[in-house]
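Structure first, then comments.
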Amino acid sequence: MTEESDPSEIFATLDDEYARDILVATKTDRLSAKELSEECDMSRPTVSRRVTRLVEQGLLEEYTHVDPGGRHYSEYEARLERIEVLLQAEGFDVQIDVRADPADRITTIFEEMRGD
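Mapping to the UniProt record's numbering: the sequence shown position 104 is 104, numbers consecutive.
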């Protein structure tokens, strides 16, 4: 998730049934836009718009691959783990937990091993 992510924007995205379906479909498997279209029963343009928004908000990770014929394609995997909303005297405290980027996870492991 980006540092400037606004919880109200995240909630607006999650209010969209298509975005929720994409997150659920990609929770356990990486799927291409074509596979998402079929799995979630939505048009490719609908998938594209929702995927773009989810990636921008850091809720979905995009992985680009090159097939043997040299064509590029992307697969998507959900990063959203949990959203916690606490009502406090000052207002709402919102904690959005996402799975770390794979490269960041590897860096963290090496830094912990080195004692950084």
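Even glycine gets a Cβ: it sits at the ideal position worked out from N, Cα and C.
Assigned secondary structure, residue i (DSSP; H/G/I helix, E/B strand, else coil)
i, result
"Thr-46", "helix"
"Thr-52", "helix"
"Asp-21", "helix"
"Thr-64", "strand"
"Thr-26", "coil"
Close beta carbons around residue i, own chain, < 6 Å, minus the five adjacent residues each side
i, result
"Thr-2", "Only weak support exists for where Thr-2 lies, its pLDDT of 47 falling under 50; the value from the coordinates is given anyway. Answer for Thr-2: Gly-58, listed in chain order."
"Asp-93", "Leu-86"
With 16 other Cβ atoms within 10 Å as the buried cut-off, status of residue i
i, result
"Ala-89", "exposed"
"Arg-99", "exposed"
"Tyr-76", "buried"
"Arg-114", "exposed"
Near the ligand ADP: residue i beta-carbon under 6 Å from a heavy atom
i, result
"Glu-38", "Here there are no bound small molecules, and the ligand ADP is not part of this structure."
Opposing strand residues paired with residue i [DSSP bridges]
i, result
"Glu-92", "Correcting the residue type first, residue 92 is Phe in the shown sequence and not Glu. Leu-87, per the DSSP bridge assignment."
"Leu-80", "Val-98"
"Glu-111", "Paired residue(s): none; Glu-111 is not in a bridge."
"Leu-31", "Tyr-76"
Same chain only: Cβ atoms within 7 Å of residue i, ignoring 5 sequence neighbours per side
i, result
"Tyr-73", "Ser-32, His-65 and Asp-67"
"Leu-14", "Arg-20"
Beta-carbon proximity list for residue i, same chain, < 8 Å, skipping 5 on both sides
i, result
"Tyr-63", "Arg-30, Ser-74, Glu-75, Tyr-76 and Glu-77"
- Is the region 25 to 41 touching the region 81 to 88, taking contact as three or more C-beta pairs under 8 Å? No, the region 25 to 41 is not in contact with the region 81 to 88.
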